[in-house]
Structures are given as structure tokens and as C-alpha cells.
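Notes follow the structure.
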Amino acid sequence: MCGIVGLFLKDPKLEPQLGALLTDMLITMTDRGPDSAGIAIYSDAGQGLGKLTVQSANPGADFRNLDADLHDAIGQPVAMLVKSTHAVLEMPLDQIEAARSALTRLRPGIKVMSAGEGIEIYKEVGLPKDVAARFEVAKMGGTHGIGHTRMATESAVTTMGAHPFSTGADQCLVHNGSLSNHNGVRRELKRLGMTFETENDTEVGAAFISHKLQTGESLGNALEATLTDLDGFFTFVVGTKNGFGVVRDPIACKPAVMAETDQYVAFGSEYRALVNLPGIEDARVWEPEPATVYFWER
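Per my numbering, the very first residue in the sequence shown carries number 1284; after that it's consecutive.
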């Protein structure tokens, strides 16, 4: 049992409140997942700039002079914002892969949480309220975001086992359920060039969608493919640079509810995650249908 939340803003006036709204939604789902929590926030991309969000179990040592060391490695300016065990490294977008490669040599203990133009992912072990507070998520603005509270059932409680999982530029996924064929799908994706950090089935779901998008499929088509190629029971909520998507397996045994107004589209594992959203009393509220893809893009 896990908790999922998502919020896609249509009204730019709400963008400064994105982090605060998602934090409230995430905390409401604590009893569905008290082991660990994570959140992905998307904001408008800078002019030609990209971001790497990284995590360290030893941030005092790993983040010391990291911006300067990366500047020396890639020959371009690097700005760094440290938030507890995470740091956001901003640099020219075309240097993201070079910086990622340099990190493996300069700081082998660092893990990349996300990479791209607009995405930042923060996740750690602990109660959702504590995870959100340590990264000051409530102070963050943005266009859309997704979050997850985890109750581990098949793997250890670790930072890397927490959701969201990001396996492509500006892409991430959160998941409630269990994939029964993840080992076979992982082997096939590895053969096709995808890499994995964990044995978690959710990372396989994320990589499956990333691979589809990288081969030119639309987000809608990538989500449709999960219904035929992934076995098990699942609810996926996916974020991309421009969009937000939801799909449930054909049995749809995992709870889910959605709400839409002129200002936003919201997702929650339960309705109570949505009750504090502005104008929720006038929203169109529904349970997403089994084996049906929903997505919104800018």
C-alpha cells in the first residue's frame, strides 16, 4: 500500500503555491506510506540551462566544492543549491551528460535523482512531513508535480527505493502496485541500452515508458503500451517536461481519484488528498477507469 499525489496547474496564478499544495496532499497520504517519501517538481526551464538533482549519504564531504570541481571538468559555469542531502546543479543544458559522467569520477558516492530542463526530485527515508520539511518543498513554485509515500512490501526501505523514479530527461514515475514480469522486462530494456540503479519494479515501469518516449512515441502511446507489455496490478502517475499522465491496469484494484477545474488537474490515491485544493467543491471528480489513459500536456 502506497500513496500517490499529482497536480498539473492550468492557471499560472497558482504556480507559486505548487510546492505548498503538493506538500499538503503528500502529508495527507502518510498512513498509506510512512517509510519514505519523494516529490518531483517541474518549473519553467531556463534559457539554455539544465539541472542535475543529486543525493549523497555524506553531503558534507560530497558537496564541498562540487560546483567548482564540475566547472573544471566540463569547462562551463555550474551553480549549486544544497538542500540537506540533495543538491541542484545548474549548468548549460548541453553539458548535462558531460557533468553526469564527470560525477561518477569526482564523487562516486553521489546518486543522480533527476536530470533535465525543469525537473527536480527530492526523496528520502522518513515520514512525508519530515521529508517535505527538510527540502522546503512548500516554498517551491512550479507548473506541475507528482509525489509518493511508500510502504515497502518487496524491497528494503532506502533512498534509492523511494519514488519518484526518473529514467529519462525530465521524466519520472510514481507507482502503487506490483509488476510480476519486471525481471524479464528489465533484461529486455538492458539489451536495448537502458541502465538501472535498483532491482525495484517501479524503476522498470519508469524505464519502459522512457524507452518508448525515446523512440518517438507520444506520452499517451507510451502509457497505452504499459497495458499490453507490463503484467501485474498498477496505478502509474507520470511526469514529463510538458505533461502529466495517469494509467491503471485492467483490474484497477488500487484506489485512485481525480479532480479537474479550470485551474488544475489533480490526482490522489484517496479523495482526502484533494480536499484542501482551491475550488475543489466545484471540481469534476471521478475515479479513473481501468485500462484507460489520461494525460494533459501544455
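From the three backbone atoms N, C-alpha and C, an ideal C-beta is built for every residue, glycine too. On a predicted model such as this, the values are computed, not experimentally measured, just so you know.
Residue of the options minimising C-alpha distance to residue i
i: residue 1493; options: 1291, 1510, 1451; result: 1451
i: residue 1519; options: 1379, 1551, 1544, 1543; result: 1551
i: residue 1333; options: 1410, 1470, 1473, 1371; result: 1371
i: residue 1325; options: 1468, 1525, 1565; result: 1525
i: residue 1429; options: 1403, 1435, 1416, 1412; result: 1403
i: residue 1418; options: 1336, 1479, 1443; result: 1336
i: residue 1544; options: 1376, 1530, 1408, 1568; result: 1568
i: residue 1298; options: 1321, 1412, 1327; result: 1327
i: residue 1316; options: 1344, 1446, 1498; result: 1446
i: residue 1378; options: 1307, 1497, 1469, 1354; result: 1354
i: residue 1362; options: 1307, 1343, 1382; result: 1382
i: residue 1558; options: 1296, 1307, 1291; result: 1307
i: residue 1347; options: 1356, 1359, 1365; result: 1365
i: residue 1376; options: 1360, 1555, 1573, 1546; result: 1360
i: residue 1532; options: 1374, 1517, 1449; result: 1517
i: residue 1411; options: 1421, 1312, 1425; result: 1312
i: residue 1290; options: 1388, 1342, 1431, 1575; result: 1431
i: residue 1491; options: 1506, 1352, 1386; result: 1506
i: residue 1530; options: 1469, 1342, 1576; result: 1576
Secondary structure of residue i, DSSP reduced to three states
i: residue 1310; result: helix
i: residue 1417; result: helix
i: residue 1320; result: strand
i: residue 1404; result: strand
i: residue 1535; result: coil
i: residue 1584; result: Here the chain covers residues 1284 to 1581 and nothing more, so residue 1584 does not appear.
i: residue 1562; result: coil
i: residue 1334; result: strand
i: residue 1290; result: strand
i: residue 1340; result: coil
i: residue 1482; result: coil
i: residue 1549; result: strand
i: residue 1574; result: coil
i: residue 1522; result: strand
i: residue 1500; result: coil
i: residue 1347; result: coil
i: residue 1509; result: helix
i: residue 1470; result: helix
i: residue 1315; result: helix
i: residue 1555; result: helix
i: residue 1515; result: strand
i: residue 1302; result: helix
i: residue 1428; result: strand
Assigned exposure category for residue i - 16 Cβ within 10 Å defines buried
i: residue 1272; result: Look at the range of the chain in this structure, 1284 to 1581, and you will see that residue 1272 is not part of it.
i: residue 1512; result: exposed
i: residue 1495; result: buried
i: residue 1397; result: buried
i: residue 1485; result: buried
i: residue 1523; result: buried
i: residue 1504; result: exposed
i: residue 1454; result: buried
i: residue 1305; result: buried
i: residue 1368; result: buried
i: residue 1478; result: exposed
i: residue 1463; result: exposed
i: residue 1344; result: exposed
i: residue 1483; result: buried
i: residue 1357; result: buried
i: residue 1384; result: exposed
i: residue 1391; result: exposed
i: residue 1489; result: buried
i: residue 1469; result: buried
i: residue 1474; result: exposed
Cβ separation of residue i and residue j, assumed to be a contact under 8 Å, to the nearest whole Å
i: residue 1592; j: residue 1393; result: Nothing can be reported for residue 1592: it is not among the residues displayed for the chain, which extend from 1284 to 1581.
i: residue 1406; j: residue 1459; result: Rounded, the Cβ-Cβ distance is 16 Å, inconsistent with contact.
i: residue 1294; j: residue 1440; result: Actually they do not touch by this definition, with Cβ atoms about 37 Å apart.
i: residue 1540; j: residue 1570; result: 6 Å
i: residue 1309; j: residue 1320; result: 6 Å
i: residue 1443; j: residue 1302; result: With a Cβ gap of about 23 Å, residue 1443 and residue 1302 do not count as contacting.
i: residue 1578; j: residue 1528; result: 4 Å
i: residue 1515; j: residue 1461; result: 5 Å
i: residue 1292; j: residue 1426; result: 6 Å
i: residue 1521; j: residue 1502; result: 7 Å
> Mind pulling the beta strand (DSSP E) runs of 3 or more residues that sit fully within the region 1436-1467?
Replying inline: 1448-1451, 1454-1462
>> At 3 residues or longer, what runs of the beta strand (DSSP E) sit wholly inside the region 1358-1413?
In response: 1362-1366, 1369-1375, 1394-1399, 1402-1408
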